[in-house]
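Data block below; observations after.
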Amino acid sequence: MSIVLFVGIVEVMTLISVRNLTKSYRIAKKSPGLVGTIKHLVARKTIVIEAVKSLDFQIEQGEIVGFIGPNGAGKTTTLKMLCGLIHPTGGDVLVGGFEPRLRDTEFLHKIALIMGQKQQLIWDLPPIDTLKVNAAVYGLSNSEANRRIKELGDMLQLEEELTRPVRKLSLGERMKAELLASLLHRPSILFLDEPTLGLDLNAQIRVREFLINYNKIYGATILLSSHYMSDITSLCSRVLVIDKGTIYYDGSLEDLTRRLSPYRGVKIKFSKPYLKNEFTGFGQVIEYSEYFAQILIKRSELTSKLYQLLKSFSVIDLEVSDPPIEELIGEFYQEIKTS
Amino acid sequence: MIKSISIIFRTLRIFWATSLAGEVEYRLNLFVECFSVIGNLSGSLFVLYMFYSNGKYLGGWNWNSSLVVLGFYYLLEGFTIILLQPNLTRIVRHIQQGSLDFILLKPIDSQFWLSSRMISPWGIPSLLAGLILIARGIYMSVHTMSISSILAALTMLISSLAILYSLWFLIATTSIWFVKIWNANEVLRSVLVAGRYPISAYPEVVRAIFTFILPVAFLTTIPAETLLGKSYISWMSSSIMIALILFLTSRAFWKYALRFYTSASS
Chain G
1 MSIVLFVGIV EVMTLISVRN LTKSYRIAKK SPGLVGTIKH LVARKTIVIE AVKSLDFQIE
61 QGEIVGFIGP NGAGKTTTLK MLCGLIHPTG GDVLVGGFEP RLRDTEFLHK IALIMGQKQQ
121 LIWDLPPIDT LKVNAAVYGL SNSEANRRIK ELGDMLQLEE ELTRPVRKLS LGERMKAELL
181 ASLLHRPSIL FLDEPTLGLD LNAQIRVREF LINYNKIYGA TILLSSHYMS DITSLCSRVL
241 VIDKGTIYYD GSLEDLTRRL SPYRGVKIKF SKPYLKNEFT GFGQVIEYSE YFAQILIKRS
301 ELTSKLYQLL KSFSVIDLEV SDPPIEELIG EFYQEIKTS
Chain S
1001 MIKSISIIFR TLRIFWATSL AGEVEYRLNL FVECFSVIGN LSGSLFVLYM FYSNGKYLGG
1061 WNWNSSLVVL GFYYLLEGFT IILLQPNLTR IVRHIQQGSL DFILLKPIDS QFWLSSRMIS
1121 PWGIPSLLAG LILIARGIYM SVHTMSISSI LAALTMLISS LAILYSLWFL IATTSIWFVK
1181 IWNANEVLRS VLVAGRYPIS AYPEVVRAIF TFILPVAFLT TIPAETLLGK SYISWMSSSI
1241 MIALILFLTS RAFWKYALRF YTSASS
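Following this line, the structure appears as structure tokens:
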């Protein structure tokens, strides 16, 4: 009797592959004032700006990757090169098997770029008119377009907003309509450039929930840049930290947090008073009063130290927290700048 | 192929429906445009009349045949207001504001989108004025016309529209490099104004410029001559050739220019 062993193989497919990607611009350099202007007219001086320097990364199918870095780090330029809007100066880019700069029709059917600060909706008309234009351009039949508008509209909780002039919509409603317009052709690769920019907290949450659902339902791959760390923490399992056109970190957000902050803060309230020196050996006491202490404890020793604390003191309340991620990332940017 | 053609036609229909929906908000424009055409036409007719009142011939053209040239000028003017101006003047804005990004990301020819997205009905008075002038000029000078000369004149008209469009698009394309380009609209329009009168009415040097450097002669005079049965086959074929070359150049130049598009920063 033979035993047949089935081994399930999950094939991981690289969808975005970037090798040695560079982009440099030649820009005019002009001294201030009238004299500077005249000099500039006669002898034009230009300098070369390296917006992106030798980027290397790969993104697998279905991943949601956060692209973070300070302003002017090269995030938008990279996203635009991945969409084929900007031609790279050097290096290789493959997105879904296509070279983006050639803007192949099939490639354009696969991708979408959503920008928080720019919109494609026709300002004077309701969003439904932009949707009709997009349906025609992507060759969707009326019935198919209507079905998708209903489906995505439900996910985004958009109804009568679609028939109100765009100029009468709130920023949050406009962003949701913009998402619908950009995703009508059901792209499998999404590039998002600060999609929650300027939105209130509720609208930000809606957009994030929608993106998670879209990723789950359609298996879409998402590369997202944002200055809001909540976007990154709630959406991305992996982050790329970029500055001055170079990648400084590629990995999970937890690992980055752990690397940046090896300690966790523990706040403890006691039912009776204790002396400060009684906490020696637990970690660095950064705040103390008779009935309260805040101690920084090494992540690796957290469980054992907490156990000892609870055993040795009469604790009435205990809170373990991480330093705010914004602060950590901000410090990391500073570290990069000084490196 | 058939699918792409049907996509193009469906897109065009929706482009123009949405564009007209936006335009009808400004109904007063129709009156403004009618007054503008009447004022403009009276001025042009007055200048022509001043020439012909002494019984002179303008470069070999009599009063009635000059009306045909003026008629073709108004047809081009109408076409400019309906299609060229609303679309091609926007190219600079698309580049300045970065909204060209959205057009380039669509799976449709970007030159087609940029050239046909908008339509404005306010050029209809000019088109009507052009047709009336041509009809009157023809009726008074040759009385009857053959189908072949009408078809030939139509071909010449299409060539002249293609020449005007291609020149305008070529200039607009340069805004990829010089984002704040001088107003291409004004430059081309002032060139087009020279086409109100028969090209032979101008001094020889100007005539040479208007034929070989700025092809004004091909815009109005050649179509009018063709309709009046006065044109030579060599001029007609030159017109078609120039139109084709300029159109293909405009496409190649646009594709080349996109390599330098930097997309407005966020």
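Chains as they are written, first to last, in the working numbering: chain G, 1 to 339; chain S, 1001 to 1266.
Note that CB positions come from ideal geometry on N, CA and C, so glycine has one too.
Residue i versus residue j: straight-line alpha-carbon distance, rounded
i                  : j                  : result
Met13 of chain G   : Gln61 of chain G   : 6 Å
Ser1149 of chain S : Leu1157 of chain S : 12 Å
Asn1062 of chain S : Ile1209 of chain S : 23 Å
Ile3 of chain G    : Thr130 of chain G  : Residue confidence for Ile3 of chain G is low, a pLDDT of 46 falling below 50, so the modelled location carries little weight and cannot support an answer.
Arg19 of chain G   : Ile222 of chain G  : 19 Å
Val7 of chain G    : Lys216 of chain G  : Low confidence applies here, because Val7 of chain G scores a pLDDT of 45, under 50, leaving its location unreliable; read the following figure in that light. Rounded to the nearest angstrom, the two C-alpha atoms are 25 Å apart.
Gly66 of chain G   : Val266 of chain G  : 29 Å
Ile1103 of chain S : Arg1117 of chain S : 10 Å
Pro126 of chain G  : Phe1035 of chain S : 32 Å
Cys236 of chain G  : Glu335 of chain G  : 23 Å
Thr1211 of chain S : Glu1204 of chain S : 10 Å
Lys150 of chain G  : Leu180 of chain G  : 10 Å
Thr257 of chain G  : Ser321 of chain G  : 12 Å
Ala38 of chain G   : Ile27 of chain G   : At residue 38 of chain G the sequence reads Ile, which differs from the Ala that was named. Cα to Cα, Ile38 of chain G sits roughly 17 Å from Ile27 of chain G.
Leu21 of chain G   : Asp92 of chain G   : 6 Å
Val1191 of chain S : Ala1217 of chain S : 11 Å
Gly72 of chain G   : Asp243 of chain G  : 8 Å
Asn277 of chain G  : Asp231 of chain G  : 42 Å
Ile9 of chain G    : Asp255 of chain G  : Low confidence applies to Ile9 of chain G: its pLDDT is 49, below 50, so where it sits in the model is not reliable, and the reading given next is rough at best. Those two C-alpha atoms are separated by around 27 Å.
Thr196 of chain G  : Val42 of chain G   : 45 Å
Selection from the options that minimises the alpha carbon distance to residue i
i                  : options                                       : result
Met115 of chain G  : S:Phe1112, S:Asp1101 and S:Ser1126            : S:Asp1101
Thr280 of chain G  : G:Lys272, G:Pro273, G:Leu296 and G:Phe270     : G:Leu296
Val137 of chain G  : S:Ser1238, S:Val1205 and S:Ile1108            : S:Ile1108
Glu407 of chain G  : G:Glu319, G:Thr163 and G:Leu121               : Outside the shown range of chain G, which is 1 to 339, sits residue 407 of chain G, and nothing can be said about it.
Pro1223 of chain S : S:Val1206, S:Ser1190, S:His1094 and S:Leu1154 : S:Leu1154
Thr233 of chain G  : G:Thr303, G:Phe270 and G:Ile212               : G:Ile212
Val1069 of chain S : S:Ile1124, S:Ala1135, S:Trp1177 and S:Ile1176 : S:Ala1135
Pro1274 of chain S : S:Val1037, S:Pro1203, S:Ser1166 and S:Leu1028 : Look at the range of chain S in this structure, 1001 to 1266, and you will see that residue 1274 of chain S is not part of it.
Arg208 of chain G  : G:His185, G:Met175, G:Gly91 and G:Leu162      : G:Met175
Trp1254 of chain S : S:Ser1115, S:Val1032 and S:Met1001            : S:Ser1115
Leu1170 of chain S : S:Tyr1256, S:Phe1009 and S:Pro1086            : S:Tyr1256
Trp1113 of chain S : G:Val133, G:Phe98 and G:Phe292                : G:Val133
Leu1219 of chain S : S:Tyr1165, S:Ile1176 and S:Ile1233            : S:Tyr1165
Met155 of chain G  : G:Lys168, G:Leu184 and G:Ser143               : G:Leu184
Ser225 of chain G  : G:Tyr214, G:Thr77, G:Val166 and G:Thr163      : G:Thr77
Contact under 9 Å by Cβ, residue i with residue j
i                  : j                  : result
Ser1066 of chain S : Leu1075 of chain S : no
Asp124 of chain G  : Gly1078 of chain S : no
Gly1195 of chain S : Thr1226 of chain S : no
Lys23 of chain G   : Ala51 of chain G   : yes
Leu260 of chain G  : Glu331 of chain G  : yes
Lys348 of chain G  : Ile68 of chain G   : Outside the shown range of chain G, which is 1 to 339, sits residue 348 of chain G, and nothing can be said about it.
Phe191 of chain G  : Ala112 of chain G  : yes
Asp193 of chain G  : Gln117 of chain G  : yes
Lys269 of chain G  : Gly283 of chain G  : no
Leu1151 of chain S : Trp1168 of chain S : no
Leu318 of chain G  : Leu328 of chain G  : no
Ser271 of chain G  : Ser300 of chain G  : no
Gly251 of chain G  : Arg238 of chain G  : yes
Ile1095 of chain S : Ala1201 of chain S : no
Gly153 of chain G  : Asn202 of chain G  : no
Ser1239 of chain S : Ile1147 of chain S : no
Tyr1197 of chain S : Leu1088 of chain S : no
Leu1228 of chain S : Ile1081 of chain S : no
Lys1106 of chain S : Leu108 of chain G  : yes
Ile1007 of chain S : Gly139 of chain G  : yes
Worksheet entry | 3 or more residues per run - each beta strand (DSSP E) lying fully within the region 227-261 of chain G | 238-243 and 246-251
Worksheet entry | Unbroken stretches of the alpha helix (DSSP H), 4 residues or longer, contained in the region 1113-1159 of chain S | 1124-1141
Worksheet entry | Contact set between the region 1080-1105 of chain S and chain G, restricted to residues whose Cβ is under 7 Å from the partner | Gly1098, Ser1099, Asp1101, Phe1102, Leu1104 and Leu1105
Worksheet item: When Cβ atoms are compared, which residues of the region 122-138 of chain G fall closer than 7 Å to chain S?
Response: From the region 122-138 of chain G, only Ile122, Asp124, Leu125, Asp129, Lys132, Val133, Ala136, Val137 and Tyr138 have a Cβ closer than 7 Å to chain S.
Worksheet entry | chain S contacts from the region 105-120 of chain G (Cβ-Cβ distance under 9 Å) | The region 105-120 of chain G vs chain S, Cβ under 9 Å: Thr105, Glu106, Phe107, Leu108, His109, Ile111, Ala112, Leu113, Met115, Gly116, Gln117, Lys118, Gln119 and Gln120.
Worksheet item: In chain order, which continuous runs of the alpha helix (DSSP H) of length 4 or greater are located wholly inside the region 1058-1119 of chain S?
Response: Whole alpha helix (DSSP H) segments, 4+ residues: 1063-1079, 1085-1097, 1100-1104 and 1110-1116.
Practice prompt. Run through the region 33-79 of chain G for me and flag every whole alpha helix (DSSP H) of 4 or more residues, listed as ranges in chain order.
Written response: 33-42
Worksheet item: Residue ranges of each beta strand (DSSP E) run of no fewer than 3 residues wholly in the region 1190-1229 of chain S, ordered along the chain?
Response: Unbroken beta strand (DSSP E) stretches of 3 residues or longer found wholly inside the region 1190-1229 of chain S: none.
Practice prompt. Using a Cβ-Cβ cut-off of less than 8 Å, give me the residues of the region 15-37 of chain G that come near chain S, in sequence order.
Written response: Tyr25
Fill in: chain S contacts from the region 72-90 of chain G (Cβ-Cβ distance under 7 Å)
Per Cβ criterion, the list reads Thr76, Lys80, Cys83, Leu85, Ile86 and His87.
Worksheet item: If contact means a Cβ-Cβ distance below 9 Å, which residues of the region 1249-1265 of chain S contact chain G?
Response: Correct list: Leu1258, Arg1259, Phe1260, Tyr1261, Thr1262, Ser1263, Ala1264 and Ser1265.
Fill in: Contact residues within the region 158-186 of chain G, judged by C-beta distance below 7 Å to chain S
none
Discussion item. Which residues of the region 1181-1209 of chain S have a Cβ closer than 8 Å to any Cβ of chain G? Give them in chain order.
Written reply: Correct list: empty, as no residue qualifies.
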